Amino acid sequence: MDKLLYGAAYYPEYEPCQRMEEDMDMMVRAGFNLIRVAESAWSTWEPRDGEFDFTLLRRTLACAERHGLSVIVGTPTYAIPPWLAKKYPDILADTHRGRAIYGPRQCYDLTHPGYRFHCERVIRRMLEVTREYGCVIGYQLDNETKPYDTCSERAQGMFREYLREKFGDVEAMNREFGFAYWSNSVADFDELPDVRGTVNASYGGEYSAFQRRLVTDFLLWQRSIVNDYLRPGQLVTHNFDFEWRGCCAGLQPDVDQLEAARAVTVAGCDIYHKAAGELTGEEITFGGSVARGLLGGSYLVLETQAQGNFSWLPYPGQLRLQAFSHVANGAACVEYWHWHSIHNACESYWKGVLSHDLAPNDTYRECAEVGREFAELSDKLAGLSKENRVAVMVSSRSQTGLGWFPSCAPGKTPDKNYSDYLMWLCGSLHRLNVEYDIVWDAQRDFSRYELLILPCLYAAPEPLIAAIRDYVGAGGHILGTFRTAFSNEHLKIYHDAQPHGLTEVFGLTYDRFTAPEGAALRSDVFDLPRGSAASDWMELTELRGAEALATLEHPRWGAYPAVTLHSFGRGGAAYFASCFSPEALDAVLEGLLPSLGVPVPRERYPLLVRRARARDGGKLTFYLNYSGETLPLDVPPDAAPLLCPYPACLPPWGVVITEG
Amino acid sequence: MDKLLYGAAYYPEYEPCQRMEEDMDMMVRAGFNLIRVAESAWSTWEPRDGEFDFTLLRRTLACAERHGLSVIVGTPTYAIPPWLAKKYPDILADTHRGRAIYGPRQCYDLTHPGYRFHCERVIRRMLEVTREYGCVIGYQLDNETKPYDTCSERAQGMFREYLREKFGDVEAMNREFGFAYWSNSVADFDELPDVRGTVNASYGGEYSAFQRRLVTDFLLWQRSIVNDYLRPGQLVTHNFDFEWRGCCAGLQPDVDQLEAARAVTVAGCDIYHKAAGELTGEEITFGGSVARGLLGGSYLVLETQAQGNFSWLPYPGQLRLQAFSHVANGAACVEYWHWHSIHNACESYWKGVLSHDLAPNDTYRECAEVGREFAELSDKLAGLSKENRVAVMVSSRSQTGLGWFPSCAPGKTPDKNYSDYLMWLCGSLHRLNVEYDIVWDAQRDFSRYELLILPCLYAAPEPLIAAIRDYVGAGGHILGTFRTAFSNEHLKIYHDAQPHGLTEVFGLTYDRFTAPEGAALRSDVFDLPRGSAASDWMELTELRGAEALATLEHPRWGAYPAVTLHSFGRGGAAYFASCFSPEALDAVLEGLLPSLGVPVPRERYPLLVRRARARDGGKLTFYLNYSGETLPLDVPPDAAPLLCPYPACLPPWGVVITEG
Amino acid sequence: MDKLLYGAAYYPEYEPCQRMEEDMDMMVRAGFNLIRVAESAWSTWEPRDGEFDFTLLRRTLACAERHGLSVIVGTPTYAIPPWLAKKYPDILADTHRGRAIYGPRQCYDLTHPGYRFHCERVIRRMLEVTREYGCVIGYQLDNETKPYDTCSERAQGMFREYLREKFGDVEAMNREFGFAYWSNSVADFDELPDVRGTVNASYGGEYSAFQRRLVTDFLLWQRSIVNDYLRPGQLVTHNFDFEWRGCCAGLQPDVDQLEAARAVTVAGCDIYHKAAGELTGEEITFGGSVARGLLGGSYLVLETQAQGNFSWLPYPGQLRLQAFSHVANGAACVEYWHWHSIHNACESYWKGVLSHDLAPNDTYRECAEVGREFAELSDKLAGLSKENRVAVMVSSRSQTGLGWFPSCAPGKTPDKNYSDYLMWLCGSLHRLNVEYDIVWDAQRDFSRYELLILPCLYAAPEPLIAAIRDYVGAGGHILGTFRTAFSNEHLKIYHDAQPHGLTEVFGLTYDRFTAPEGAALRSDVFDLPRGSAASDWMELTELRGAEALATLEHPRWGAYPAVTLHSFGRGGAAYFASCFSPEALDAVLEGLLPSLGVPVPRERYPLLVRRARARDGGKLTFYLNYSGETLPLDVPPDAAPLLCPYPACLPPWGVVITEG
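Residue numbers (our numbering), protein chains in the order written: chain S, 218 to 877; chain X, 218 to 877; chain E, 218 to 877.
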């Protein structure tokens with residue numbers, strides 16, 4: 218992490234003509250110093266069972282060495298060759314939708330012994346080759362690993378053993394999972410029916426948790442193999458990703474990333490964000506916050522868009538803005554996916570730095586500008602750290618819970634899922650220039666934060682609730698939302714006053730909730746936009762000491778608290794009893810955060826301000842213009858420009874960095 | 218039926234803690250006098266094949282006896298235990314969507330001999346227990362029984378035998394079903410292909426009719442078992458339900474309820490209606506009318522919502538209004554589903570009287586108010602009867618027909634189905650305070666009614682047409698709509714003038730129809746809302762004696778009759794050649810009904826007026842305010858208030874009952 | 218082709234009563250001279266395996282002879298009888314959606330040897346009967362033949378052999394199909410995975426091409442059988458159809474019609490067009506242009522709507538307008554589907570000439586008017602030919618390409634597909650009264666045309682590109698759109714400047730493209746409607762000699778060319794870098810076509826003008842009023858009216874024909 222890495226995933230195996238030398242010349246000219254290779258081409262490295270051919274890989278590594286490019290090698294296990302699928306027909310994942318058909322990547326059962334055998338063999342054979350090359354700075358384990366919804370008899374057998382171990386007594390499981398409902402009780406763990414038919418969210422949700430554990434196990438297993446070939450100083454990473462909501466937005470539901478990150482030495486992630494006219498940068502901020510949280514430091518953006526998918530082509534200036542935004546969030550690496558657009562008829566329109574004509578273009582030229590600046594500022598900008606006062610808690614089990622029980626009438630398609638509520642809050646922090654870390658529901662110590670935000674922390678186990686209570690008692694602040702602490706980790710709903718274990722902390726309770734039917738949101742405290750209204754969910758909250766800072770007004774229900782604040786112990790707790798618009802949220806948080814110990818900067822989106830500490834202890838400030846208009850800029854007089862001289866105003870999509 | 222029953226379904230087997238004593242104390246305090254138990258918990262009563270454990274059931278019945286609560290016991294056959302699904306893998310229904318997976322309720326093939334064997338055994342073992350308890354006032358057979366779309370080889374074999382018996386000659390079937398179409402003719406009944414592939418609505422529709430017959434057979438079979446344990450005075454019932462259109466709205470397509478009702482001694486039904494801001498009560502009126510029609514008298518509402526599904530939480534006052542609305546329609550029982558909200562992760566958000574905290578709440582308190590009033594008025598209000606002048610005919614085969622041939626261009630999703638058209642008419646009657654009965658297309662004697670309404674009676678067999686003609690000839694009135702009497706009971710379209718057999722009755726015919734493309738609806742007779750327009754369907758009707766009371770005006774088609782009236786014999790017949798808005802329908806019916814022998818009261822929704830005759834012969838009138846506003850009330854001076862003293866105005870969601 | 222054929226498909230086998238004599242009497246009275254019979258009734262002709270019964274067919278042919286009706290006999294192979302499906306369970310097509318279930322037509326695997334055996338036997342047995350009847354003027358092979366997505370092991374085995382033959386070397390295939398992507402490379406053709414799982418559009422698209430070839434093979438094979446029974450002068454035809462977009466609109470994706478037309482002696486087609494308030498006639502023009510192009514002359518409309526599907530009932534006058542429109546496009550036959558509406562419960566609402574009452578109706582009466590006029594003008598109007606200056610190229614492989622890679626962001630549903638873009642251009646030509654021919658991408662000689670239009674010619678093989686270049690060089694004109702010449706025939710994207718091989722011809726290139734985000738369309742040359750904007754796709758085009766006649770203006774991208782014109786060799790080339798509204802297209806083409814050698818008539822839709830040459834060399838002009846208003850008409854004084862006397866104005870939906 219002592220220099221900024223900048224580059225692209227590189228796939229010479231896909232190119233329609235031999236041009237490696239020219240490619241790398243062009244990369245060097247653009248200031249690239251990194252490529253990622255090899256992770257997608259198992260059928261190239263092992264065209265027949267047991268016949269290996271690493272000629273192209275050797276040629277690539279040798280060429281990279283000549284060009285001074287660093288290389289991250291990816292283990293090629295996420296896309297299996299046809300012969301492997303033919304050898305073991307049951308290697309294809311048997312899922313909720315039935316048996317996968319060979320063709321797409323990530324179509325296999327990652328618990329299959331044949332898959333594991335061939336994975337290990339190809340990794341070992343490849344790493345015997347790559348260990349010889351000095352340009353190789355490390356390895357990426359697999360690629361965006363998921364459980365691929367494996368529901369094979371093998372996987373479900375492992376799951377039944379897991380349950381037997383977890384509960385011991387089958388009656389304990391029956392009780393905890395509420396299997397009496399609709400006569401689902403079993404007399405033995407072996408009697409458990411196929412998870413794919415269940416309507417019991419405790420059982421179904423536990424299987425999701427078990428599937429996430431398979432990912433952790435798999436990556437740890439790959440790491441143990443890679444360890445045999447690792448040189449001192451080489452890194453091991455993985456490209457963690459996010460929930461896909463048209464782009465990377467929210468918590469990846471299929472991986473316990475905090476657990477799985479134990480398999481790597483440095484966190485990596487893939488950030489595909491909204492672009493062009495929809496670019497706001499909030500996914501860059503969110504993704505970076507997740508990645509920083511995994512191992513607690515700087516991270517690698519292993520994939521992000523260059524031209525990106527159709528309709529994502531960045532406006533002039535946006536590519537540079539995006540690159541510096543990653544760095545401002547603490548990234549030590551910006552790597553595009555991918556170098557050249559694909560001529561093959563698959564992902565052909567997810568375009569790389571180069572277009573299909575493989576010639577320099579405006580995207581390439583803007584990369585070169587970034588490359589020049591990255592090289593110049595590498596010492597200053599590599600490995601930045603953050604000192605944020607705010608943490609946002611994510612919870613896979615809550616995500617599962619809201620998936621089974623969305624915030625809408627049954628039979629309707631929910632407008633928003635867990636990630637949407639998460640991004641609703643994180644997006645507002647982003648716009649208010651309140652930087653945040655991400656913490657996980659498995660963590661218990663939040664003492665370094667002034668404020669812990671709990672978006673829809675639906676499935677809260679007792680120890681976590683206790684930890685939160687203690688944290689507030691000791692002077693911390695929390696901001697909870699509707700549907701928090703409603704069930705335990707098995708989605709079993711608590712049978713006392715809601716929010717369970719936190720009624721004294723929040724100073725309120727409720728025993729009924731319903732749809733707000735457009736109830737007006739009113740406040741004497743916050744400067745709400747006209748016409749603000751509650752949406753999605755409304756708890757009929759009864760105050761037990763808290764103060765209502767905003768209220769819901771409904772023609773039939775009358776007034777109920779919408780936003781409350783309460784002192785508890787030495788700390789404080791705010792609560793949202795309903796959802797409302799992003800604009801209203803901005804107004805609420807602007808007024809509320811100071812009461813929760815968090816000052817709000819005066820700058821507002823589209824002018825983003827990001828602060829970080831350099832490795833030398835220097836304080837850096839990034840000013841990022843997320844608009845196509847020129848913005849006035851008011852930089853402290855004693856701050857030194859890094860991209861000098863910086864203007865008195867920020868041009869469209871412009872970037873200014875100061876030190877001190 | 219000599220007292221009002223009031224209570225809830227009660228599931229101690231689901232509760233997260235032991236609190237039966239407290240539950241029943243609370244029930245008694247709320248004026249509950251009834252619980253329904255046991256129907257969902259087969260895996261609790263028989264945790265292993267042949268091992269029975271009725272401890273909890275005994276405890277429940279004993280406790281109910283101590284508390285003076287009546288109990289309806291449900292046979293526990295609608296949700297099979299895992300061991301039974303494991304024992305016979307083919308017990309799971311093989312449907313149009315393939316084999317069901319174990320998990321949800323009602324997933325089995327109800328023709329499976331193994332299912333029947335185990336049903337009978339568990340029923341007998343349970344009733345040996347329950348027969349001992351005086352608190353048990355009767356039994357509910359199964360629960361909302363359906364055919365679950367069984368298409369097993371066994372079921373289809375039975376269907377082929379059914380067809381062989383029905384037609385005798387295979388050529389007769391080929392002809393009647395039009396199997397020549399696309400070469401589907403068969404040489405023998407055994408050659409009939411899997412119904413799941415058919416595009417022939419005669420064949421597919423007949424299978425639907427056969428599936429409905431399976432339900433009747435199953436309930437009659439259960440009744441024969443229950444008979445062996447029945448004490449004098451005990452009732453047998455079943456909770457019939459309705460088509461689900463986001464709530465119970467329309468004819469249940471999968472059951473011939475009139476047939477199936479032969480299995481019970483008193484009709485029961487489940488009414489889940491629109492709620493909160495969408496509450497109109499029309500589903501309460503409709504469901505009650507269906508239930509009254511089944512056995513011709515008072516009925517039990519075996520399930521209805523307390524807090525209900527998400528977004529259904531009743532506004533203050535609505536729960537009481539709903540309870541009295543059921544009674545006003547003739548219900549002798551209002552039973553909530555269910556006592557306590559479910560903590561298990563299944564239907565957890567379909568909330569009961571109690572919320573998850575199991576403490577008294579506003580819903581419980583409003584129940585207690587109802588309980589007090591029900592107790593007070595029980596003698597007066599139990600077992601009311603109706604003397605309606607209007608009947609609305611329902612037809613499962615017409616429903617099937619409109620399902621195969623909806624009122625829209627092919628490839629488009631129809632806006633409305635059969636039940637929507639049915640509710641369109643019934644909703645208007647509801648708003649106009651014209652009370653109606655429901656009759657079935659299997660019935661032939663309508664002489665007790667002034668008016669018989671035929672909503673989209675698409676599939677009308679010849680004898681029914683003759684009966685209708687005779688009814689009008691003898692002085693009755695009918696109101697028919699577009700798409701009536703178009704096909705016979707096998708969806709075979711009649712090949713003479715439409716509406717078949719009724720052209721002389723309606724005094725019109727048509728040979729073409731099309732989409733109305735927004736044709737204007739005009740009338741000199743009715744006070745139509747501005748901008749009234751035809752929708753969905755337009756018959757190009759030619760008058761043969763009828764008078765056009767409203768016309769469709771289309772820029773290219775010109776004017777065609779929309780609403781017509783005709784004298785036939787000693788009676789009269791009105792016809793709608795098109796659909797139009799509910800508001801226009803209200804105006805049309807208001808003007809038209811008097812010409813059809815039916816006076817229209819002067820009160821209008823949201824003020825509902827319902828009349829009934831008490832067991833002692835007294836005339837009762839219910840005034841129900843279906844709005845959140847106070848309404849003026851004009852009660853005859855000689856009517857005696859039952860909830861005394863009644864105000865000169867009706868408060869929001871208020872209820873007034875008078876006698877005399 | 219020496220007289221106009223007019224009639225209907227006739228299905229006595231479906232009729233609910235015997236009325237053949239009456240039917241044919243009515244036909245004759247309406248001026249019908251043609252029926253098509255027998256193609257749908259295999260189970261009638263062969264009720265049991267090997268038992269044939271052509272009694273009804275003989276009766277029909279004898280009756281037709283008595284009535285002087287010509288008959289086209291269809292081979293009855295598109296709808297198999299139940300016994301055949303039972304005999305060979307694997308005869309049912311195994312498709313992307315799994316194994317078909319018997320019931321609908323066209324559900325079988327047309328490569329199945331059992332299917333072929335029984336096809337041949339029933340055809341030979343039937344033609345042995347029909348050869349005896351003088352009224353039989355020819356045969357229709359099968360019915361709207363498609364591959365029915367057969368993916369059986371047999372079909373895929375044939376496909377692997379086809380690929381082995383095509384590529385010889387497996388590595389050549391790996392390279393060309395880009396199978397390295399996601400490790401899909403194979404070591405042998407036998408290792409190729411099931412096409413149904415592929416994500417590789419080269420492989421998937423080639424299978425589509427192979428499926429289209431199956432159709433050609435099948436029709437050629439049927440032709441070889443029919444040849445054994447053909448009398449001199451008898452015709453062989455097939456009813457080719459079109460992509461179904463709610464009606465026939467665009468290129469039928471599943472058939473190479475130009476190839477398949479080798480199986481017939483006269484082209485036939487089925488044209489179901491928009492109707493009533495949506496009638497524009499553009500599908501009549503398009504379908505006719507395709508049919509004319511197949512064998513280069515007049516054609517038969519073997520099916521078109523009478524009353525048609527629900528909501529299609531023609532306004533008074535439209536049926537006649539439609540009939541003459543077909544003739545104006547060169548049709549020698551207008552045959553309705555079908556004579557009588559179906560009483561059987563299948564396609565019952567796709568109504569024929571007669572309604573279900575089988576009595577004369579307004580549709581029948583309008584047919585009779587047409588029949589009278591057709592008889593009168595038959596000599597003049599039969600077998601017209603066209604001398605169009607404009608050709609529009611269609612390309613099945615481009616259609617496949619746009620199917621895999623639609624013009625929208627991934628995950629979104631594309632608004633428009635290939636056929637929509639095709640109809641966008643053809644619709645505008647239709648409205649501007651610029652008549653066009655259709656040519657196929659397999660053709661190379663376009664010298665008879667002034668202008669060749671290339672709508673989204675995505676997959677352009679090198680020889681076609683060379684032919685286009687040569688055509689322009691020699692003085693021809695082309696009009697190309699966005700996404701043209703982007704990939705080769707295997708959807709492999711060209712890796713040099715776009716549009717590949719045509720940058721010099723169009724005088725421009727581009728290396729990036731994106732969504733236009735509503736960029737304004739501006740022009741000093743064209744009279745664009747206010748608010749014209751780009752849609753769907755925007756190429757960031759750089760001019761290399763071309764002139765921009767219209768530009769795209771985007772607030773962030775600035776201005777880019779939208780419509781360009783360039784001289785190349787002795788010809789010229791225009792290019793559309795974006796899509797825009799139909800109204801804007803009308804304005805652009807009106808201004809642009811003259812520069813491309815094509816004059817634009819002054820008449821505009823809804824007044825259509827169509828010109829044709831009669832067999833005697835006379836020049837005919839059709840004036841067709843596609844509106845419900847009376848239009849002024851300005852006919853040259855020396856033109857002689859055929860439907861005399863013609864008025865000075867065209868009545869709603871009116872037709873005028875002049876000669877000379």
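Note that beta-carbon positions come from the ideal geometry of N, C-alpha and C, so glycine has one too. Note that the structure is predicted; figures quoted are calculated from it, not measured.
I want to know whether the stretch 570-587 of chain E touches the stretch 435-444 of chain X - three or more CB-CB distances under 8 angstroms.
Touching, no, given that fewer than three Cβ pairs across the two stretches are closer than 8 angstroms.
Check whether chain X comes within 9 angstroms of Arg828 (chain S), counting only Cβ atoms and requiring the distance to be less than that.
No, because no Cβ of chain X sits closer than 9 angstroms to the Cβ of Arg828 (chain S).
Nearest by alpha-carbon distance to Gly485 (chain E): which of E:Ile289, E:Ser612, E:Lys836 and E:Asp833 is it?
Residue E:Ile289 is the option with its Cα nearest to Gly485 (chain E).
Using only the heavy atoms of the ligand FAD, determine whether one of them is closer than 8 angstroms to the beta carbon of Thr726 (chain X).
Absence of the ligand FAD from the depicted structure is noted, as is the absence of any ligand whatsoever, leaving it without description.
Tell me the rounded alpha-carbon separation between Met390 (chain X) and Glu408 (chain S).
For Met390 (chain X) and Glu408 (chain S), the distance between alpha carbons rounds to 46 angstroms.
Assign Glu604 (chain E) to one of three DSSP states: helix, strand, or coil.
Note: Glu604 (chain E) maps to coil in three-state DSSP.
Please name the residue, chosen from E:Gly355, E:Pro816, E:Ala702 and E:Pro330, that lies closest to Val254 (chain E) on a Cα-to-Cα basis.
Checked all of E:Gly355, E:Pro816, E:Ala702 and E:Pro330; the closest Cα to Val254 (chain E) is E:Gly355.
Leaving out the 5 sequence neighbours to the left and right, which residues in its chain are closer than 7 angstroms to Glu590 (chain E) when beta-carbon positions are compared?
Counting only Cβ-Cβ distances below 7 angstroms, and skipping sequence neighbours, we find Leu860.
So Gly414 (chain E) packs on Tyr711 (chain S), CB below 8 angstroms; how close in whole Å?
That pair is no contact at about 45 angstroms.
In chain E, which residues lie less than 7 angstroms from Tyr566 (chain S) when you measure between Cβ atoms?
In chain order: Phe622.
Got a sec: which bits of the stretch 707-720 of chain E sit with their beta carbon under 8 angstroms from any beta carbon on chain S, in order along the chain?
Residues His707, Leu708, Lys709, Ile710, Tyr711, His712, Asp713, Ala714 and Gln715.
List the residues of chain S that Ile340 (chain X) touches, going by C-beta distances under 8 angstroms, in chain order.
In chain order: nothing, as chain S lies at least about 14 angstroms away.
Look up Trp657 (chain E) in the DSSP assignment and give the residues it is bridged to.
Note: Trp657 (chain E) sits in a beta bridge opposite E:Val611.
Put Gly588 (chain X) into one of helix, strand or coil per three-state DSSP.
Residue state, collapsed to three classes: helix.
Any chance you could list the beta strand (DSSP E) runs of at least 3 consecutive residues sitting entirely within the stretch 817-848 of chain S, in chain order?
List check, beta strand (DSSP E) in window: 824-830 and 836-842.
With 9 angstroms set as the bound, which would you pick, yes or no: does the beta-carbon of Arg729 (chain X) sit closer than that to a beta-carbon of chain E?
Judged by the 9 angstroms Cβ criterion, Arg729 (chain X) is in contact with chain E.
Going along chain E in order, which residues have a C-beta closer than 8 angstroms to the C-beta of Ser402 (chain X)?
Ser260, Thr261, Pro264, Pro298 and Pro299, listed in chain order.
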